[in-house]
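Below is one structure, written out as structure tokens, with a few remarks after it.
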Amino acid sequence: MMKMDKISEGIWEIPVGAKPGMNVPARILSSDKLIGGIDEGVIDQITNVACLPGIQRYALCMPDAHRGYGFPIGGVAAFDLDAGIISPGGIGFDINCGMRVIKTNLTIENVKPKLEELLGELFRAVPSGVGTKGFVRLDHKEFRKVITDGSRWCRDNKFATDDDIDKTESGGRVDGADYRAVSDKAINRGISQIGTLGSGNHYLEIEYVGEGSILNPAVAEVFGIETVGQIVIAVHCGSRGFGHQVATDYLRTFNQNAARHGLKIRDKELAAAPIKSGDGEAYFSAMACAANAAFVNRQVITNQIRKAFQKVFGLSANDLGLTTIYDVAHNIARFENYAIDGEKKQLLVHRKGATRSFGPNNPEVPASYRSVGQPVIVGGSMESGSALFTGTEQAENDYFGSTLHGSGRVMSRTKAKKQIRGDQLQQDMAERGIMVKTKHLRGLSEEADYAYKNIDDVSRAVQDLGLSKLVARFYPLANIKG
Amino acid sequence: MRKFEISDRFTTADIGLDLEADSLEGLFVAGAEGMFAIIFSRKPATRSTDRRNIHLKSTTVEQLLIDWLSDLLYLFDTDGLIACNYQLSIKESSPGYELNGMVDFQQFAPMTDVAEHEIKAVTYYKLEIRNIGGVFRCHVVFDI
Numbered sequence: 062m063m064k065m066d067k068i069s070e071g072i073w074e075i076p077v078g079a080k081p082g083m084n085v086p087a088r089i090l091s092s093d094k095l096i097g098g099i100d101e102g103v104i105d106q107i108t109n110v111a112c113l114p115g116i117q118r119y120a121l122c123m124p125d126a127h128r129g130y131g132f133p134i135g136g137v138a139a140f141d142l143d144a145g146i147i148s149p150g151g152i153g154f155d156i157n158c159g160m161r162v163i164k165t166n167l168t169i170e171n172v173k174p175k176l177e178e179l180l181g182e183l184f185r186a187v188p189s190g191v192g193t194k195g196f197v198r199l200d201h202k203e204f205r206k207v208i209t210d211g212s213r214w215c216r217d218n219k220f221a222t223d224d225d226i227d228k229t230e231s232g233g234r235v236d237g238a239d240y241r242a243v244s245d246k247a248i249n250r251g252i253s254q255i256g257t258l259g260s261g262n263h264y265l266e267i268e269y270v271g272e273g274s275i276l277n278p279a280v281a282e283v284f285g286i287e288t289v290g291q292i293v294i295a296v297h298c299g300s301r302g303f304g305h306q307v308a309t310d311y312l313r314t315f316n317q318n319a320a321r322h323g324l325k326i327r328d329k330e331l332a333a334a335p336i337k338s339g340d341g342e343a344y345f346s347a348m349a350c351a352a353n354a355a356f357v358n359r360q361v362i363t364n365q366i367r368k369a370f371q372k373v374f375g376l377s378a379n380d381l382g383l384t385t386i387y388d389v390a391h392n393i394a395r396f397e398n399y400a401i402d403g404e405k406k407q408l409l410v411h412r413k414g415a416t417r418s419f420g421p422n423n424p425e426v427p428a429s430y431r432s433v434g435q436p437v438i439v440g441g442s443m444e445s446g447s448a449l450f451t452g453t454e455q456a457e458n459d460y461f462g463s464t465l466h467g468s469g470r471v472m473s474r475t476k477a478k479k480q481i482r483g484d485q486l487q488q489d490m491a492e493r494g495i496m497v498k499t500k501h502l503r504g505l506s507e508e509a510d511y512a513y514k515n516i517d518d519v520s521r522a523v524q525d526l527g528l529s530k531l532v533a534r535f536y537p538l539a540n541i542k543g
Numbered sequence: 134m135r136k137f138e139i140s141d142r143f144t145t146a147d148i149g150l151d152l153e154a155d156s157l158e159g160l161f162v163a164g165a166e167g168m169f170a171i172i173f174s175r176k177p178a179t180r181s182t183d184r185r186n187i188h189l190k191s192t193t194v195e196q197l198l199i200d201w202l203s204d205l206l207y208l209f210d211t212d213g214l215i216a217c218n219y220q221l222s223i224k225e226s227s228p229g230y231e232l233n234g235m236v237d238f239q240q241f242a243p244m245t246d247v248a249e250h251e252i253k254a255v256t257y258y259k260l261e262i263r264n265i266g267g268v269f270r271c272h273v274v275f276d277i
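Chains as they are written, first to last, in this note's numbering: chain A, 62 to 543; chain B, 134 to 277.
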């Protein structure tokens, strides 16, 4: 493995020159406990990222990093707008895969007696698994509005409240979306999938605030987390087939046109185009469409969740306090301003398996949260639950306003599946008080806790590095696995 | 001769295939069979079929394999079509490669077919088709 130098507590660096062509160092953000688990694929991929033209300061790896394609998962890089590139491999196939957390005023005591009924209702309301279609029927004209307007389309069609939109990254709409940059194939793949979870590591989870797990009560209160036992709902999914096809289309184009752009492609999954080129601008427009589709997807799911809770508890969503805490992307590229050599400039920040972490007083943070910073939602495994953090000024100053996105996978799917049968795992979890519903039980063990890093170890590393601050931990009660 | 083997040699979160065949056409068919074996943990029961012609042109043979598998994935995602029988012809054409094929499909039945993995995309990661002594081999990774 390439040599890494520990340059300070929690930060390891691979200097320029360690691989021919590196323009900046690569920095691995981790901890003494986690650093040994970093695999060689991550190092190879992040040093490839460090070779990309126009990259600023350093290529970053978050503490939950694992091997991906192009960028590692957990990879962050920012590019100069004139000299830099945009790469689908720095965003991922599932554009704007992200997390949403919804709070309720219910407690574990209210929910437990109705948990089975609630889980069944949610399972019907939010289609999951392979080949499922959503309840929202759209023609091409309407789908073009969805991908252009994002969450605003949801408000106009009564799938969202003003508060939902306020509590979504950038109001649930990435500027610059242009449906003309999107292929018919992408639209055909996505048009019937709005309001669906998908498969793989996507999930919908009913969680509760554990005893002693409100770590920062003042900030938790601002986010609406007030009592031990309070029920929250976490949703993890993205732009579905629409985003997957956008990425597939543009990777093909960028690989074909690399020579024309004078770019040396080190890894075809890292194919890129200059930000200020026809190809680069078209991809950004298409990516923004996919990001908007993902915001709409999670919002429509939120609406379905509200309906399911209303049906089971016989109370309105308002009476049940079903309010979005926040919705945040973790596979995306955004134009953001950072100081480089003492001068503030706009950069294109790629986050692949990494979340925005904006601190207090950042105007992008909803006004009601601005005093404490942006909520950062981190999904663990279906056995470990989620963690709620808040963004920091330090992340903005030192890490392009970025932090982790999950606990990070450590075991392959085939290996994970060999450890325990899906039905046995389901039974084990039920004995520990976690109910799971899935369309394909056989694959359940692929998402078992042992396939992931320990979320508390990763959270500690993030907290120590100042990437974000832990506010509360949520524990699973019931899970719909996509 | 053609075969596929599901492998996680190069991936942590996703699934790969080792492919081997005594012709380029065989390698492409093995890729398609392997891809549907990843999606379905049990082979779907045979049902009435729909036959379609597929024509693809790509600059490299690796790109042609990605385009072929991506097209089958697209037909599955949009129309629920599962490829089950293949007659392919692949030839070099300036510039690049060309595939002409006739493929039989059967309809996905969500109530009875056990679909386990949703494939998001076919990746370029570690993809290199090699012909050593008339045996074609490659590894292809799917984003799950």
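Each residue gets a CB set at the ideal place from its N, CA and C atoms; glycine is no exception.
Length of the line joining the Cα atoms of residue i and residue j
i, j, result
"residue 264 of chain B", "residue 245 of chain A", "36 Å"
"residue 438 of chain A", "residue 199 of chain A", "30 Å"
"residue 241 of chain B", "residue 256 of chain B", "24 Å"
"residue 94 of chain A", "residue 104 of chain A", "17 Å"
"residue 457 of chain A", "residue 420 of chain A", "7 Å"
"residue 310 of chain A", "residue 317 of chain A", "11 Å"
"residue 265 of chain A", "residue 357 of chain A", "16 Å"
"residue 361 of chain A", "residue 287 of chain A", "26 Å"
"residue 72 of chain A", "residue 214 of chain B", "49 Å"
"residue 255 of chain A", "residue 193 of chain B", "35 Å"
"residue 129 of chain A", "residue 471 of chain A", "12 Å"
"residue 450 of chain A", "residue 442 of chain A", "17 Å"
"residue 219 of chain A", "residue 213 of chain A", "10 Å"
"residue 171 of chain B", "residue 158 of chain A", "22 Å"
"residue 248 of chain B", "residue 407 of chain A", "45 Å"
"residue 161 of chain B", "residue 208 of chain B", "16 Å"
"residue 165 of chain B", "residue 144 of chain B", "19 Å"
Exposure of residue i, with buried meaning 16 or more beta-carbon neighbours within 10 Å
i, result
"residue 174 of chain A", "exposed"
"residue 305 of chain A", "buried"
"residue 489 of chain A", "exposed"
"residue 147 of chain B", "buried"
"residue 226 of chain A", "buried"
"residue 323 of chain A", "exposed"
"residue 241 of chain A", "exposed"
"residue 501 of chain A", "buried"
"residue 193 of chain A", "buried"
"residue 348 of chain A", "buried"
"residue 363 of chain A", "buried"
"residue 278 of chain A", "exposed"
"residue 196 of chain B", "buried"
"residue 257 of chain A", "buried"
"residue 478 of chain A", "buried"
Beta-ladder partner(s) of residue i, from DSSP
i, result
"residue 240 of chain B", "B/214"
"residue 164 of chain A", "A/293, A/384"
"residue 213 of chain A", "According to DSSP, residue 213 of chain A bridges with nothing at all."
"residue 106 of chain A", "BP columns for residue 106 of chain A are empty, so no partner."
"residue 298 of chain A", "A/159"
Among the options, nearest to residue i - alpha-carbon criterion
i, options, result
"residue 412 of chain A", "A/126, A/100, A/99, A/69", "A/126"
"residue 459 of chain A", "A/398, A/253, A/497", "A/398"
"residue 150 of chain A", "A/444, A/138, A/142, A/161", "A/138"
"residue 463 of chain A", "A/434, A/321, A/415", "A/415"
"residue 116 of chain A", "A/84, A/482, A/67", "A/84"
"residue 62 of chain A", "A/429, A/433, A/96, A/177", "A/96"
"residue 312 of chain A", "B/248, B/203, B/231", "B/203"
"residue 379 of chain A", "A/136, A/297, A/161, A/166", "A/166"
"residue 78 of chain A", "A/231, A/98, A/530, A/109", "A/109"
Under 8 Å by beta carbon: chain B residues contacting residue i
i, result
"residue 330 of chain A", "256, 257, 258"
"residue 540 of chain A", "Correct list: empty, because the minimum Cβ distance to chain B is about 17 Å."
Chain A residues whose Cβ lies nearer than 7 Å to that of residue i
i, result
"residue 253 of chain B", "154, 155, 305"
Beta-carbon neighbours of residue i, restricted to chain A and to distances below 8 Å
i, result
"residue 213 of chain B", "192"
"residue 174 of chain B", "501, 503, 504"
"residue 241 of chain B", "192"
Contacts that residue i makes with chain B (C-beta to C-beta distance below 7 Å)
i, result
"residue 317 of chain A", "192"
"residue 308 of chain A", "254"
Listed by chain order, chain B residues near residue i by CB distance under 9 Å
i, result
"residue 128 of chain A", "143, 144, 145, 146"
Residue i: contacting residues in chain A (beta-carbon distance under 9 Å)
i, result
"residue 230 of chain B", "Under the 9 Å cutoff, chain A gives no residues; its nearest Cβ is about 14 Å from residue 230 of chain B."
"residue 250 of chain B", "191, 260, 261, 474, 501, 504, 507"
"residue 222 of chain B", "Those do not exist, as residue 222 of chain B stays about 22 Å from chain A at its closest Cβ, beyond 9 Å."
Within chain E, the residues that residue i reaches when beta carbons sit closer than 8 Å
i, result
"residue 250 of chain A", "In the structure shown, chain E cannot be found, because the protein chains are A and B."
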